[in-house]
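Engineer: The numbering used here runs 164 ahead of the 1-based position in the sequence shown.
Quick one: the structure is below, and I'll ask about it shortly.
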Amino acid sequence: YMVMPFYEGKNLRDTLRSQSQAPDEQWLRTLLLPLTEALQVIHAEQCFHRDIAPDNVMMLAGTQRPLLLDFGAARRVIGDMTQALTVILKPGYAPVEQYAEIPGMKQGAWTDVYALAAVVHYAITGRTPPPSVGRLLNDTYKPLVEAAAGRYSPDFLAAIDRALAVRPEQRTQSIAQLREELGLEGLV
Numbered sequence: 165y166m167v168m169p170f171y172e173g174k175n176l177r178d179t180l181r182s183q184s185q186a187p188d189e190q191w192l193r194t195l196l197l198p199l200t201e202a203l204q205v206i207h208a209e210q211c212f213h214r215d216i217a218p219d220n221v222m223m224l225a226g227t228q229r230p231l232l233l234d235f236g237a238a239r240r241v242i243g244d245m246t247q248a249l250t251v252i253l254k255p256g257y258a259p260v261e262q263y264a265e266i267p268g269m270k271q272g273a274w275t276d277v278y279a280l281a282a283v284v285h286y287a288i289t290g291r292t293p294p295p296s297v298g299r300l301l302n303d304t305y306k307p308l309v310e311a312a313a314g315r316y317s318p319d320f321l322a323a324i325d326r327a328l329a330v331r332p333e334q335r336t337q338s339i340a341q342l343r344e345e346l347g348l349e350g351l352v
């Protein structure tokens, strides 16, 4: 049997709520560095988390290093079986391809890219992006390049906006691409 390690800390949602203002870009980069590294490792194995949200990121006591929790929804994608596996969806964090069998809309690295970007959106604005299915019909998403202009670099905000594109084919396709667009490559 597997021994589950015990981690002490509080989740990202509670951490953000306890702060008097939105975290700055440096704080977000420090958060994203280990999270994107962890996702690249599982994605290399064709395994996707599929349930990234602020309450699934633990900020470890002491170091404040973020740890991605709950790989319960993580599944190896075998053929076209992805959709058959049920997953509890968190509105605002789940991209459209997780909702239903939409022909041609597969889940993949871009599915976790969307959810991770939604977490950053929450950190910056204090709000979850509008649910993705509603956005397909009537997109009320206000781009961060407008909503948070002046507080973060335009490139950083544009990268998050791209990662939150509703349609999977218009979205940032991989964690490596997201890291590059966020300027995380080469940072240690």
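By construction, the Cβ of each residue, glycine as well, lies at the ideal position given by its N, Cα and C atoms.
Answer with buried or exposed for ALA208, where buried requires no fewer than 16 other C-beta atoms within 10 angstroms of its C-beta.
Structural biologist: Its Cβ having fewer than 16 others within 10 Å, ALA208 is exposed.
Engineer: Can you have a look at GLY277 and say buried or exposed, based on whether 16 or more other CB atoms are within 10 angstroms of its CB?
Structural biologist: What sits at residue 277 in the sequence shown is Val, not Gly. Buried: at least 16 other Cβ atoms inside 10 Å.
Engineer: Out of LEU231, GLY298, HIS285, point me to the one whose CA is closest to TYR357's CA.
Structural biologist: Outside the modelled stretch of the chain, which goes from 165 to 352, sits residue 357, for which no answer is possible.
Engineer: Only counting the same chain, and skipping five residues up and downstream in sequence, which positions put a Cβ closer than 6 Å to that of TYR286?
Structural biologist: Closer than 6 Å at the Cβ level, and outside the excluded window around TYR286, lie PRO218, THR292.
Engineer: Quick one: complete beta strand (DSSP E) runs, 3+ long, within the segment 272 to 316?
Structural biologist: For the segment 272 to 316, not a single whole beta strand (DSSP E) run of length 3 or above is found.
Engineer: In terms of DSSP beta bridges, what is ASN175 paired with?
Structural biologist: Beta-bridge pairing links ASN175 to MET222.
Engineer: Tell me whether ASP215 is buried or exposed, calling it buried when 16 or more other Cβ atoms sit within 10 Å of its Cβ.
Structural biologist: Buried is the call here.
Engineer: With distance defined between alpha-carbon atoms, name the residue in ILE324, GLY347, ALA323, LEU328 nearest to ASP303.
Structural biologist: Checking every option, the nearest Cα to that of ASP303 belongs to LEU328.
Engineer: Would you identify the three-state DSSP class for PRO318, choosing helix, strand or coil?
Structural biologist: Helix.
Engineer: Do you know offhand how far ALA313's Cα is from HIS213's?
Structural biologist: Rounded to whole angstroms, ALA313 to HIS213 spans 30 Å at the Cα level.
Engineer: List the whole-angstrom C-beta distance separating ARG326 from ARG335, where the pair is believed to meet the contact cut-off of C-beta under 8 Å.
Structural biologist: Yes, ARG326 and ARG335 are in contact; Cβ-Cβ is about 7 Å, under 8 Å.
Engineer: Whole angstroms is fine: what's the gap from PRO255's alpha carbon to TYR171's?
Structural biologist: Approximately 27 Å, taken between the alpha carbons.
Engineer: Please list the terminal residues of the continuous alpha helix (DSSP H) segment that includes PRO187.
Structural biologist: Looking at the DSSP string, PRO187 is not in any alpha helix (DSSP H), and its letter there is neither H nor E.
Engineer: With DSSP collapsed to three states, give me the class of PRO230.
Structural biologist: PRO230: strand per DSSP, three-state reduction.
Engineer: Distance check for ALA279 and ASP244, CA to CA, integer angstroms please.
Structural biologist: Unreliable placement is indicated for ASP244, whose pLDDT of 47 sits below 50; no coordinate value is reported for it.
Engineer: Buried or exposed: where does SER317 fall if 16 or more other Cβ atoms within 10 Å of its Cβ makes it buried?
Structural biologist: Under this definition SER317 is an exposed residue.
Engineer: Could you work out which residue in ARG315, LYS174, GLN337, ALA225 is closest to ALA272 when comparing CA atoms only?
Structural biologist: A quick correction: the sequence has Gly, not Ala, at residue 272. Comparing Cα-Cα distances from GLY272 to each of ARG315, LYS174, GLN337, ALA225, the minimum goes to GLN337.
Engineer: Specify the secondary structure class of ILE242 as computed by DSSP and reduced to three states.
Structural biologist: In this prediction, ILE242 scores a pLDDT of 45, lower than 50, which makes its location untrustworthy; the coordinate-derived value is nonetheless stated afterwards. DSSP places ILE242 in coil when its eight states are reduced to three.
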